[in-house]
Every structure is written in C-alpha cells, then in structure tokens.
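Data block below; observations after.
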Amino acid sequence: VAELHRRASAWYEAHGLEIEAFHHATAANDVERAARLIEGGGMPLTFRGAVTLVLNWLASLPAAVLDAKPLLWVTYASAILARGQATGVEEKLQAAEAALQGAELDDETRDLIGRIAATRATLAWGRNQAETIIAQSRRALEYLHPDNLPFRTSTRWKMGSAYQLQGDRAAAAQAFAETIAICEASGNV
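In our numbering, the protein residues as written are 4 to 192.
Below you can see the structure in the form of structure tokens.
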C-alpha cells in the first residue's frame, strides 16, 4: 500500500497537483517527499490553502523526526501562524534552533536561520511590536537565500508595516516599494 501511495504521489506531483501529491506522500510515510512537497517549488503549501493538512501531518510526527529535519519545526511554526494562532510558535522555533546546534553554516542552514527570524517577525507583527519586527526582519533578510522570494517578500512587507506603526512614512514607502519590486520581478501579482 505504501508503494501505491508513493507512486500516486509521484503521479500527482508530475501533473502539478502538489496538495494531492503531499496527501499520498504522508500516507506512504515518506517524510522526505512530504517535506519537499510542503516547500512547493518556491511557494509553500501553507501559502496555498493547505494549512490544516500540513499542521495535522506535522502534529502526527514524533519530535525525533522533526529534530532530524529542523525545517519541519519552522514549517510547523509558520503553519500555526498561518492559521491565525500564536500559541506554540516560539517553542517550535526554539526546537528548530536546538536541532540546528552544531550544523554547518551552509546556504541551507543560513536560509533556515532567516526563516526562523522571519517567523519571529510575523509573530511580533501580530502583536504590533514594531522594534521587534524590524530587528527580526533585518536578521531574516541577512540570512534568507536571495532566491527565497516568498519569505523575502513577506519580510519586506512586515518591515514596511513596522515603519508605518512607528510613523516613519518614508521608510515604510521604501520597504513597500522594495516589496512590490520583488513581486514584479518574480511574477507574483
């Protein structure tokens, strides 16, 4: 049965149906494929309406599996926020940081550190904590991979919002203009 789910997942993915592919990957207990599918080739599934599906799967995984793939901890935290909740987010981010202890600081690890900071900026945004939003957004932009446009775009937008909260209209306008430029360059209307 697991092999049939793997094959179904591959078929759905080949035909551009990532949510269905993710469903079958999780049914096959194929953590690697499911984690890759969550990323969605640049646009994570959590940004495309699959928050509950992703959250249910992540909640079913043992901590050891999440520790082995710290990106899943960050995805977990982001998915909780995407659902409009904040409880448990910081704990998931701390678990990701703990799992990263001793990891080589390569492009993938740097991007993950950036995602952690971007998620903290989102958490602060929900609380109108402008200074924290700006500090975490700067850290995120320092570490995020240049090709990680979904996170870079949302981080720039949060910075604009934080500057707006502080009454700095010029800085807000610049951050929003940069957000628009990133979106236009990537074809994200």
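Every residue gets a Cβ at the ideal spot worked out from N, C-alpha and C, and that includes glycine.
Ala120 and Asp171 have their C-alpha atoms spaced approximately 22 Å apart. In the structure shown, the three-state DSSP call for Gln139 is helix. The beta carbon of Trp128 lies closer than 8 Å to those of Ile136, Lys161, Ser164 and Ala165 in the same chain, with the five residues before and after it left out. At least 9 Å separates the beta-carbon of Ala99 from that of Gly117. By the Cβ rule, the region 17-30 counts as touching the region 46-63, because three or more pairs are nearer than 8 Å. With respect to Leu126, Thr112 sits apart: the two C-beta atoms are not nearer than 9 Å. Nearest Cα to Arg130 within the set Ile183, Asn32, Leu84 and Arg9: Leu84. Going by beta carbons, Ala31 and Ala5 fall inside the 9 Å limit. Separation of Ser189 and Thr78 (C-alpha to C-alpha, rounded to the nearest whole angstrom) is 22 Å. Taken atom to atom, the span from the alpha-carbon of Ile41 to that of Leu48 is near 5 Å. Taking all protein chains shown into account, Thr90 has fewer than 16 neighbouring C-beta atoms within 10 Å of its C-beta and is therefore exposed. Runs of the alpha helix (DSSP H) lying entirely within the region 54-82 and spanning at least 4 residues, in chain order: 54-63 and 66-71.
Taking the C-beta atoms as reference points, Ala82 is found no nearer than 9 Å to Leu115.
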